[in-house]
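Contents: one structure, followed by commentary.
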């Protein structure tokens, strides 16, 4: 298998950029977790700023592509990669690439909301054994947070 053919597929699909965007999307969660561990004073916030700036330079889009290419080798034949390249070079393939990030973001948000609701419901059933959960659970009578409107996609 020719790595260049797979790399072309990665270029067409923006796989390296998608991986980078996923890493960027994870950073707020990582920041929250680190804030809980080390606090939020000025010195710690400067550390976080420097940490994330340096972290992102150590994980480049090219690093992500280098990791992805060998994953494709045992899964697809050269002919299959070439057919994928032809598809992603087509107008429909380019549309799929443009919309994939938005679709992924919407799916991730929907999944997070489902997980949040399931965690709250599960915690409520467990609160008889752990009454301290009641302090952190939202009020049953409080309105649910309003969902973010889905962005309008150009046709």
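Numbering (my numbering), first residue to last: 429 to 583.
The C-beta atom is built at its ideal place from N, Cα and C for all residues, glycine as well.
Cα-Cα separation between residue i and residue j, rounded to whole angstroms
i	j	result
residue 493	residue 526	18 angstroms
residue 543	residue 549	10 angstroms
residue 495	residue 551	39 angstroms
residue 557	residue 476	37 angstroms
residue 535	residue 541	10 angstroms
residue 545	residue 563	17 angstroms
residue 466	residue 554	30 angstroms
residue 518	residue 511	11 angstroms
residue 538	residue 469	33 angstroms
residue 459	residue 433	37 angstroms
residue 461	residue 473	13 angstroms
Neighbourhood of residue i by C-beta distance below 7 angstroms, restricted to the same chain and skipping five residues each side
i	result
residue 430	506
residue 529	446, 449
Assigned exposure category for residue i - 16 Cβ within 10 Å defines buried
i	result
residue 450	exposed
residue 531	exposed
Cβ-based neighbour list, residue i, same chain, cut-off 6 angstroms, excluding 5 preceding and 5 following
i	result
residue 436	513
Cutoff 8 angstroms; reference residue i; Cβ partners in own chain excluding five residues on either side
i	result
residue 516	437, 440, 441, 522, 524, 525
### the stretch 451-462 contacting the stretch 472-485, beta-carbon criterion three pairs below 8 angstroms
Counting C-beta pairs with one atom in each stretch, the stretch 451-462 and the stretch 472-485 have three or more that are closer than 8 angstroms, which means they touch.
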